[in-house]
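Please read the structure below before turning to the comments.
2 protein chains.
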Amino acid sequence: MDTEQQVMDHFEATCRSHGLKLTHQRLEIYRALLQSAEHPSAESLHKQLETRLPTLSLDTVYRTLATFEQLGLVKRVETMSSQARFEAKIEQHHHFFCDQCRQLIDFTWHSFDSMGLPEALMGVGTIRGKNVVVHGVCNDCLEKKKKPE
Amino acid sequence: MDTEQQVMDHFEATCRSHGLKLTHQRLEIYRALLQSAEHPSAESLHKQLETRLPTLSLDTVYRTLATFEQLGLVKRVETMSSQARFEAKIEQHHHFFCDQCRQLIDFTWHSFDSMGLPEALMGVGTIRGKNVVVHGVCNDCLEKKKKPE
DNA sequence: TTGGCAATTAAGAATAAATATTAATTAAAA
DNA sequence: TTTTAATTAATATTTATTCTTAATTGCCAA
Numbered sequence: 008m009d010t011e012q013q014v015m016d017h018f019e020a021t022c023r024s025h026g027l028k029l030t031h032q033r034l035e036i037y038r039a040l041l042q043s044a045e046h047p048s049a050e051s052l053h054k055q056l057e058t059r060l061p062t063l064s065l066d067t068v069y070r071t072l073a074t075f076e077q078l079g080l081v082k083r084v085e086t087m088s089s090q091a092r093f094e095a096k097i098e099q100h101h102h103f104f105c106d107q108c109r110q111l112i113d114f115t116w117h118s119f120d121s122m123g124l125p126e127a128l129m130g131v132g133t134i135r136g137k138n139v140v141v142h143g144v145c146n147d148c149l150e151k152k153k154k155p156e
Numbered sequence: 008m009d010t011e012q013q014v015m016d017h018f019e020a021t022c023r024s025h026g027l028k029l030t031h032q033r034l035e036i037y038r039a040l041l042q043s044a045e046h047p048s049a050e051s052l053h054k055q056l057e058t059r060l061p062t063l064s065l066d067t068v069y070r071t072l073a074t075f076e077q078l079g080l081v082k083r084v085e086t087m088s089s090q091a092r093f094e095a096k097i098e099q100h101h102h103f104f105c106d107q108c109r110q111l112i113d114f115t116w117h118s119f120d121s122m123g124l125p126e127a128l129m130g131v132g133t134i135r136g137k138n139v140v141v142h143g144v145c146n147d148c149l150e151k152k153k154k155p156e
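Residue numbers (the working numbering), protein chains in the order written: chain W, 8 to 156; chain A, 8 to 156.
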């Protein structure tokens, strides 16, 4: 597990190695995403950063996230919502998706990760990765059902 | 494996049991989705049906697909695209997603299906299902790279 | 079989997310 | 300090999806 400093160093190194300037905005957006556990959307990141960077434009958030994605610093998350959501976590992991509140929870599954692919996939093409989406109802929602209000 | 007639009978029965009228539009949309192997979007279904139903509105396609989804006749597929895509195939299966052309290919993986869930998921809530998304580059795209033009 | 009513549809307007365009300003890096 | 890239602001565009309204149609009952 890396310290936050190490992660930020890697971030800085990645930007530099790609000739990207280390702007205040880029740093803050990346840091906010790192610290967030809720897979925020561009809009919600923008709202969150409003106090620290009052002049930050939504357009910059979109542009910056797209740039980070290309560098592999950020991943676009697959969800059912049309509003794309992002995360800074790059290590191999999977998602639990709550059907009710649409919350996403990360989890790891090493025995799946080290598993071979099924025969059915032989010959479809080049495989680059595999991920699981588990869905159901999260505890928060289950409890809300028990104790309404 | 059901015959198309049986599938259509089940479709009809499901509509009736839910008090839905069997309109020409609903029949055609469902049939088109059944016969399609390409996980079409609402737009592409609409385009496809244009010749048979020249007055079909895009809105109706959206509304109808949403209705079918509620009845469990159709599933919304998780992809990275913001444009939601649908399928009539309901049996348990997984997806190969081509990073290049965004094509989706179905595949089955019984040994995964019968696998238990990881410890990491104990206590997140109630699990209803699990799916794999494998991604990479499909053969079509690999070949296009070899022989450009 | 037909008449009526509620469900459904068509058409176009409206909304929302995401992106693009421009020109002026700002800030990082050499 | 100078050069160059990035950001801003404001506005426009694009694309996916939903809403509104009025007209139409499936289906049931007479």
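Even glycine gets a Cβ: it sits at the ideal position worked out from N, Cα and C.
Check: Just reading off the beta strand (DSSP E) that V139 (chain W) is part of, what are its end residues?
Finding: G132 to C145 is the span of the beta strand (DSSP E), which, as asked, contains V139 (chain W).
Margin query: Once the 5 residues before and after H53 (chain W) are set aside, which same chain residues still bring their CB inside 6 Å of it?
Written below: These residues qualify, in order along the chain: L65 and V68.
Margin query: In the DSSP output, which residue or residues are listed as bridge partners for H101 (chain A)?
Written below: Bridge pairing for H101 (chain A): A:F114 [DSSP].
Next item on the list: Take D120 (chain A) and list the residues in its own chain whose beta-carbon comes closer than 7 Å to its own, dropping the five residues that flank it on each side.
Entry: Q99
Check: What three-state label does DSSP hand S64 (chain A) in the structure shown?
Finding: coil
Item checked: Short Cβ contact (8 Å threshold) for I36 (chain A) with T58 (chain A) -> no
Notebook entry, point to check: Does DSSP put L34 (chain A) in a helix, in a strand, or in coil?
Noted result: helix
Notebook entry, point to check: List, in order along the chain, the chain W residues whose C-beta lies closer than 9 Å to that of C105 (chain A)?
Noted result: V131 and G132
Checklist line | Cross-chain neighbours of R135 (chain A) in chain W, by beta carbon under 9 Å | finding: D106, V141, H142, G143 and V144
Next item on the list: Find out if the Cβ-Cβ distance for the pair V131 (chain A), C145 (chain W) is shorter than 8 Å.
Entry: yes
Notebook entry, point to check: If V141 (chain A) and L78 (chain W) are in contact, beta carbons under 8 Å, what's the gap, nearest whole angstrom?
Noted result: Rounded, the Cβ-Cβ distance is 24 Å, inconsistent with contact.
Note to self: Taking only three categories from DSSP, how would you classify S24 (chain A)?
What the structure shows: helix
Check: Could one say the Cβ of P125 (chain A) lies closer than 8 Å to chain W's Cβ atoms, at least one of them?
Finding: yes
Item checked: Own chain, CB closer than 8 Å to L60 (chain A), minus 5 neighbours either side, in chain order -> H31, Q32 and E35
Item checked: Interface flag, S48 (chain W) vs chain A, CB-CB below 8 Å -> no
Next item on the list: Verify whether the separation of the beta carbon atoms of G143 (chain A) and T133 (chain W) is less than 8 Å.
Entry: Going by C-beta atoms, G143 (chain A) is nearer than 8 Å to T133 (chain W).
Item checked: Residue from W:H101, W:L41 and W:S51 whose Cα sits closest to the Cα of V14 (chain W) -> Considering only alpha carbons, the answer is W:L41.
Notebook entry, point to check: Are H102 (chain A) and W116 (chain A) close, meaning C-beta to C-beta below 8 Å?
Noted result: Between H102 (chain A) and W116 (chain A), the CB-CB gap reaches or exceeds 8 Å.
Margin query: Only counting the same chain, and skipping five residues up and downstream in sequence, which positions put a Cβ closer than 7 Å to that of N138 (chain A)?
Written below: H101
Next item on the list: Can you grab the Cα-Cα spacing for the pair R38 (chain A) / A73 (chain A), in whole Å?
Entry: 15 Å
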